[in-house]
Amino acid sequence: MNQAGETRRELALDCFLLAGKIMMESGAETYRIEDTMIRMAVSQKMMDSHCFITPTGIMFSPSNEMATRFVRINSRRTDLERVALVNAVSRRLVSGELTLQQAYDEMLIIDQTDYMFPIQIQVLAAAVASGCFLILLGGGWQDLPFAFIIGGTAFYTVETILVQTRVKFFAEFVGALVIGSLASLVIYVGLGQDLDTIIIGSVMPLVPGLLITNAVRDLMAGHFVSGLSKGAEAFLTAFAIGAGIALVLSF
Amino acid sequence: MNWPLEAFLSFLAAGAFGVVFNTPRRTLVSCGLVGMSGWLIYRMFFLMFDDSVQATFAGAFAVALVAHILAKKFKMPMIVFSIAGIIPLVPGSRAYNSMRSIVENNYLEAISFAADALMISGAIAMGLVFAEVLMQMVFKQQAKRIQKKIGMTRN
Numbered sequence: 355m356n357q358a359g360e361t362r363r364e365l366a367l368d369c370f371l372l373a374g375k376i377m378m379e380s381g382a383e384t385y386r387i388e389d390t391m392i393r394m395a396v397s398q399k400m401m402d403s404h405c406f407i408t409p410t411g412i413m414f415s416p417s418n419e420m421a422t423r424f425v426r427i428n429s430r431r432t433d434l435e436r437v438a439l440v441n442a443v444s445r446r447l448v449s450g451e452l453t454l455q456q457a458y459d460e461m462l463i464i465d466q467t468d469y470m471f472p473i474q475i476q477v478l479a480a481a482v483a484s485g486c487f488l489i490l491l492g493g494g495w496q497d498l499p500f501a502f503i504i505g506g507t508a509f510y511t512v513e514t515i516l517v518q519t520r521v522k523f524f525a526e527f528v529g530a531l532v533i534g535s536l537a538s539l540v541i542y543v544g545l546g547q548d549l550d551t552i553i554i555g556s557v558m559p560l561v562p563g564l565l566i567t568n569a570v571r572d573l574m575a576g577h578f579v580s581g582l583s584k585g586a587e588a589f590l591t592a593f594a595i596g597a598g599i600a601l602v603l604s605f
Numbered sequence: 037m038n039w040p041l042e043a044f045l046s047f048l049a050a051g052a053f054g055v056v057f058n059t060p061r062r063t064l065v066s067c068g069l070v071g072m073s074g075w076l077i078y079r080m081f082f083l084m085f086d087d088s089v090q091a092t093f094a095g096a097f098a099v100a101l102v103a104h105i106l107a108k109k110f111k112m113p114m115i116v117f118s119i120a121g122i123i124p125l126v127p128g129s130r131a132y133n134s135m136r137s138i139v140e141n142n143y144l145e146a147i148s149f150a151a152d153a154l155m156i157s158g159a160i161a162m163g164l165v166f167a168e169v170l171m172q173m174v175f176k177q178q179a180k181r182i183q184k185k186i187g188m189t190r191n
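Each protein sequence line maps, in turn, to chains A and B.
Under our numbering, think of the first position of the first sequence as 355, with each following residue one higher.
Under our numbering, think of the first position of the second sequence as 37, with each following residue one higher.
Laid out in structure tokens, this is it:
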């Protein structure tokens with residue numbers, strides 16, 4: 355094996371692992387990541403490659419003669435735009451539109467750019483979603499402004515605490531606590547009508563929907579390790595929300 | 037019940053979730069449409085048969101089906117479209133009621149609410165999986181037909 359071939363293979367490995375890392379950090383399904391990495395590997399003439407993906411780390415073994423590589427994943431959040439972008443780059447690499455170096459450069463750009471909407475718009479969206487759910491779940495129109503405000507406030511609280519502490523369960527717990535206290539306050543003062551629908555509507559933006567869906571799809575696709583661990587994460591998040599609400603209701 | 041209002045609200049809610057989950061900008065409207073179709077089919081089944089488990093299954097099936105079709109069209113992962121549509125079907129109110137019953141020391145009621153919530157979550161999962169299997173079969177048939185047409189043979 356000559357020197358140029360060796361560096362090219364190293365570059366290919368870097369590229370695949372970076373793609374897998376970005377996708378897992380942004381909340382893609384495990385089988386989709388595996389599929390993407392294997393397709394990219396086949397397009398680079400690595401026919402006998404295997405990868406094993408869990409929510410906290412990715413192992414990739416290119417062939418018998420080369421060493422297996424491992425990459426650790428520390429934080430996960432939901433950023434579907436990144437998933438779509440990495441997917442597009444891998445498609446272009448497989449179809450031969452991009453060279454390996456170009457694909458790697460694009461992955462690096464994707465990795466370093468922040469694609470999220472500004473926090474104000476996200477809070478507004480969460481507030482709108484809370485308001486919509488209040489009406490859809492049978493709440494009265496007079497409760498709409500409270501669900502709107504409480505939902506937005508809770509989402510903002512969770513995001514702020516998440517940035518500060520990086521402990522997801524604590525953030526969700528405090529968010530649920532904020533929802534419960536504010537909703538009880540609104541009812542106590544006599545402005546709101548129905549405590550239950552206000553709370554349910556406001557809680558909706560915090561529900562771990564992506565984790566639940568991913569856990570189910572991973573389990574069904576046979577990725578039991580990641581399916582179970584994502585299910586555990588979803589369960590813990592739901593439990594944190596429930597505990598926060600229950601703490602307020604018990605007074 | 038007010039169909040246009042529910043359609044509009046579910047569209048808006050799913051679009052808002054699209055913003056929270058940062059789906060690509062040009063798919064936001066499609067995300068809203070996925071959420072709307074899922075919610076309307078859920079409501080229709082619920083009003084017709086008065087069983088939220090079956091209705092949730094139908095809603096999740098519709099969401100996954102539409103999401104798969106859109107994913108093919110936009111050439112993006114299916115997950116981009118399905119997440120925002122699934123959220124309205126999540127049994128939030130049952131989980132909440134079960135939690136409240138526990139706080140009120142009303143354990144029997146809590147168990148019945150929790151069992152309901154569990155059944156509905158299972159229905160969501162089944163809907164997603166059934167739609168996926170169906171779409172895989174359809175796409176395989178399509179691929180075979182195209183291969184036959186251009187004279188490729190694969191054993």
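C-beta: ideal position from N, C-alpha, C; glycine also.
Quick caveat, the model's predicted, so the values are computed rather than measured.
DSSP state of residue i mapped onto helix, strand, coil
{"i": "G450(A)", "result": "coil"}
{"i": "G411(A)", "result": "strand"}
{"i": "V102(B)", "result": "helix"}
{"i": "F57(B)", "result": "coil"}
{"i": "R426(A)", "result": "strand"}
{"i": "F605(A)", "result": "coil"}
{"i": "F97(B)", "result": "helix"}
{"i": "F44(B)", "result": "helix"}
{"i": "F117(B)", "result": "helix"}
{"i": "V65(B)", "result": "helix"}
{"i": "F149(B)", "result": "helix"}
{"i": "F110(B)", "result": "helix"}
{"i": "F406(A)", "result": "strand"}
{"i": "M355(A)", "result": "Any reading at M355(A) must be qualified, since the residue scores a pLDDT of 48, below 50, and its modelled position is unreliable; the value itself is stated next. Residue state, collapsed to three classes: coil."}
{"i": "G158(B)", "result": "helix"}
{"i": "V89(B)", "result": "helix"}
{"i": "T591(A)", "result": "helix"}
Neighbour flag for residue i against chain A, beta carbons, 9 Å
{"i": "S157(B)", "result": "yes"}
{"i": "A91(B)", "result": "no"}
{"i": "F149(B)", "result": "no"}
{"i": "A49(B)", "result": "yes"}
{"i": "K111(B)", "result": "yes"}
{"i": "R61(B)", "result": "yes"}
{"i": "F57(B)", "result": "yes"}
{"i": "A52(B)", "result": "yes"}
{"i": "L101(B)", "result": "no"}
{"i": "Y143(B)", "result": "no"}
{"i": "L106(B)", "result": "no"}
{"i": "L170(B)", "result": "no"}
{"i": "E154(B)", "result": "The amino acid occupying residue 154(B) in the given sequence is Leu; Glu does not appear at that position. Closer than 9 Å: no."}
{"i": "P124(B)", "result": "yes"}
{"i": "I186(B)", "result": "no"}
{"i": "A98(B)", "result": "no"}
{"i": "A161(B)", "result": "yes"}
Neighbour flag for residue i against chain B, beta carbons, 9 Å
{"i": "T567(A)", "result": "yes"}
{"i": "P559(A)", "result": "yes"}
{"i": "S397(A)", "result": "no"}
{"i": "S604(A)", "result": "yes"}
{"i": "T432(A)", "result": "yes"}
{"i": "V363(A)", "result": "The sequence given here places Arg at residue 363(A); Val does not occur at that position. No, R363(A) lies away from the interface with chain B (no Cβ there is under 9 Å from its Cβ)."}
{"i": "I475(A)", "result": "yes"}
{"i": "F370(A)", "result": "no"}
{"i": "I599(A)", "result": "yes"}
{"i": "C405(A)", "result": "no"}
{"i": "L545(A)", "result": "no"}
{"i": "A373(A)", "result": "no"}
{"i": "D572(A)", "result": "no"}
{"i": "E383(A)", "result": "yes"}
{"i": "N441(A)", "result": "yes"}
{"i": "G563(A)", "result": "yes"}
Residues that residue i contacts on chain D, provided the C-beta gap is smaller than 7 Å
{"i": "S129(B)", "result": "The structure shown contains no chain D; the protein chains it does contain are A and B."}
Contacting positions in the stretch 502-526 of chain A - beta carbon closer than 8 Å to chain B: F509
Of the residues that make up the stretch 64-88 of chain B, which ones have a beta carbon closer than 8 Å to any beta carbon in chain A? W75
Identify every run of the beta strand (DSSP E) within the stretch 491-562 of chain A, keeping only runs that are complete inside it and at least 3 residues long; order them along the chain. none
Evaluate the contact criterion for the stretch 103-115 of chain B versus the stretch 124-133 of chain B: three or more CB pairs, one atom per stretch, below 8 Å. no
If you measure beta-carbon to beta-carbon, which residues of the stretch 172-184 of chain B are closer than 9 Å to chain A? none
Under 8 Å, with one C-beta from each stretch per pair, do the stretch 89-108 of chain B and the stretch 153-164 of chain B reach the 3-pair mark? yes
Are three or more beta carbon pairs between the stretch 457-471 of chain A and the stretch 368-387 of chain A nearer than 8 Å? yes
Below 8 Å, how does it come out for the stretch 506-513 of chain A and the stretch 555-573 of chain A: are there three or more Cβ pairs, yes or no? yes
May I ask you to verify whether the stretch 489-502 of chain A touches the stretch 52-68 of chain B, counting CB pairs closer than 8 Å and requiring at least 3? no
Just checking, does the stretch 594-604 of chain A make contact with the stretch 39-52 of chain B on the three C-beta pairs under 8 Å criterion? no
Within 8 Å of chain B by C-beta, residues of the stretch 531-544 of chain A in sequence order: none
Using a Cβ-Cβ cut-off of less than 9 Å, list which residues of the stretch 457-472 of chain A approach chain B; keep chain order. Y469, M470, F471
Does the stretch 438-449 of chain A come close enough to the stretch 415-422 of chain A that 3 or more CB-CB pairs lie under 8 Å? no
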